[in-house]
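Chemist: Can you read through this structure? Questions will come right after.
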Amino acid sequence: MTGEMEFPAALGRLGTIARARFFDGPTPLEPMPNLTRHCGGGQLFVKRDDAMGMAFGGNKVRQLEFYMGVAREEEADCVLITGAVQSNFARLAAAGARKLGMDCHIQHEERVNNSDPGYHNSGNVLLERLLGATLHSFPEGENEQGADRKLGEIAESLRQAGRRPYIIPLAPDHPPLGALGYVVAAHELLCQLRQSTLKVDHVVVASGSGNTHAGLLFGLRALGSGITVRGICVRRDAASQRPRLIARCGQIAELLEVASPVIEEDILLDDAFLPPGYGLAGEATLAAILRGARSEGLMLDPTYTGKSMAGFIQQAEHSGPDSTLLFIHTGGTPAIFAYEKELAAAVDKFAEIT
Ligand SMILES: Cc1ncc(COP(=O)(O)O)c(C=O)c1O
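83 is the number of the first residue of the sequence shown in my numbering; add one for each residue after it.
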């Protein structure tokens, strides 16, 4: 099946690219009056991409619509994905596969130095088991090419057994089909803004693989919007992330068969909240998780949205009263339960946050 939606001509082939549908948009756009008061700068809003129907939602739902669209077109009967042990992408791939009547194989990369049994058994891992995914381990951890190679071997053995596997690729040399989900999100956001009186100046979003960040930025610029998009680095530092984003934007342009509207100055990155590293939360991140929960009832996680909220709060505190800032809540909710110890300790440590 190809995409059913009509998109503006500036988005090129977007409406013709295979796409499965996993949620009914648009996701809510909500004011954050309490956090606005706390930060003392501009008006703060949140786009609730954590509030989607499928398996606790999140940014990867939008991305999977495009990967799974291809999987369905190729008549795959199982999908394969590799990621960190608490990957939200893997959990959602398993859910999407089930919705389309497929099996799912998940390869867990031991990227995060966390020996807590909760990290290995609760949160996304528990949900993957409920979804009946077959779990594989990649003990080596941080090695994108190696993880992809190993996944290729699993796919080959499935093929030998007569199955039709589809691999969801993660390494940066593959076309970033998932980023198209955030080109769609940019269009959705601009439609929401047009229908309200709201005018957004700045967006803040987590930047990991970069598909969310690049897709959103590409979509906004292609549609003529100058809203700034600041990516909060959650996986690698800004110097390493920047060339990836530039490459991603070029690849999106190729997929859509349009010229890239993104210029290098559009790519804004902040890696101040990355330490102590991927999947590990520093003090500002833990404090931001509590601040988001206690001011606006938002559920944020230590790997992605806690860090992006820490960056958002910092930008909000330095913003002028006439500006409007939008936080993209990219989900990650189930991972909260895999970090029970760290989060319980944070509750005791940051008792003053109300
Ligand atoms: C909850 C959440 N937010 C943000 C991200 C980062 O998104 P991207 O990989 O598109 O940069 C991820 C990636 O897994 C995620 O799970």
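Note that the Cβ used here is the ideal one computed from N, Cα and C, for glycine as well.
Between the alpha carbons of Phe300 and Ile334, how many angstroms are there, rounded?
Modeler: For Phe300 and Ile334, the distance between alpha carbons rounds to 8 Å.
Chemist: In chain order, what residues of the same chain have a beta carbon less than 6 Å from the beta carbon of Met83, not counting five sequence neighbours either side?
Modeler: Annotation note: pLDDT 40 at Met83 (below 50); position unreliable, coordinate value reported separately. Excluding residues within five positions, none has a Cβ falling inside 6 Å.
Chemist: Which residue spans inside the region 124-205 form an unbroken alpha helix (DSSP H) run of at least 4?
Modeler: Counting whole runs of 4 or more residues, the region 124-205 contains the alpha helix (DSSP H) stretches 141-155, 170-181, 199-203.
Chemist: Where does His400 sit, in a helix, a strand or coil, going by DSSP?
Modeler: The answer is coil: DSSP assigns His400 none of H, G, I, E or B.
Chemist: Out of Cys273, Val340, Val282, Gly228, point me to the one whose CA is closest to Gly94's CA.
Modeler: Out of Cys273, Val340, Val282, Gly228, Val340 has the C-alpha closest to the C-alpha of Gly94.
Chemist: Compute the Euclidean distance between the alpha carbons of Asp319 and Met391, then round it to the nearest angstrom.
Modeler: One C-alpha to the other measures close to 17 Å.
Chemist: Tell me, please, which residues DSSP counts as bridged to Asp430.
Modeler: Note: Asp430 sits in no beta bridge, so no partner.
Chemist: Which residues in the same chain have their Cβ closer than 8 Å to the Cβ of Gly85, if we skip the five residues on either side of it in sequence?
Modeler: Note that Gly85 scores 44 on pLDDT, short of 50, meaning its location in the model is unreliable; the coordinates nonetheless yield the value given after this. The answer, listed in chain order, is Leu96, Gly97, Thr98, Ile99, Ala100, Arg101, Gly151.
Chemist: Enumerated in chain order, which unbroken segments of the beta strand (DSSP E) with a length of 3 residues or greater are wholly contained in the region 254-291?
Modeler: Listed in chain order, they are 284-289.
Chemist: If we ignore side chains and look at the alpha-carbon of each, how far apart do Arg231 and Val161 end up?
Modeler: Straight-line Cα distance between these residues: approximately 15 Å.
Chemist: Looking at Thr406: is its Cβ nearer than 8 Å to the Cβ of Gly124?
Modeler: Going by C-beta atoms, Thr406 is nearer than 8 Å to Gly124.
Chemist: Tell me which residue opens and which closes the beta strand (DSSP E) that Leu217 is part of.
Modeler: Where Leu217 is concerned, the enclosing beta strand (DSSP E) stretches over 216-220.
Chemist: Pairing CB atoms from the region 207-221 with CB atoms from the region 257-274, are three or more of them under 8 Å?
Modeler: With the cut-off at 8 Å, the region 207-221 and the region 257-274 do not touch.
Chemist: With a threshold of 7 Å (Cβ to nearest heavy atom), would Thr387 be considered close to ligand 1?
Modeler: Indeed, a heavy atom of ligand 1 lies less than 7 Å from the Cβ.
Chemist: In its own chain, which residues sit with a C-beta less than 6 Å from the C-beta of Arg317, not counting the 5 before and 5 after it?
Modeler: Correct list, in chain order: Gly290, Tyr360.
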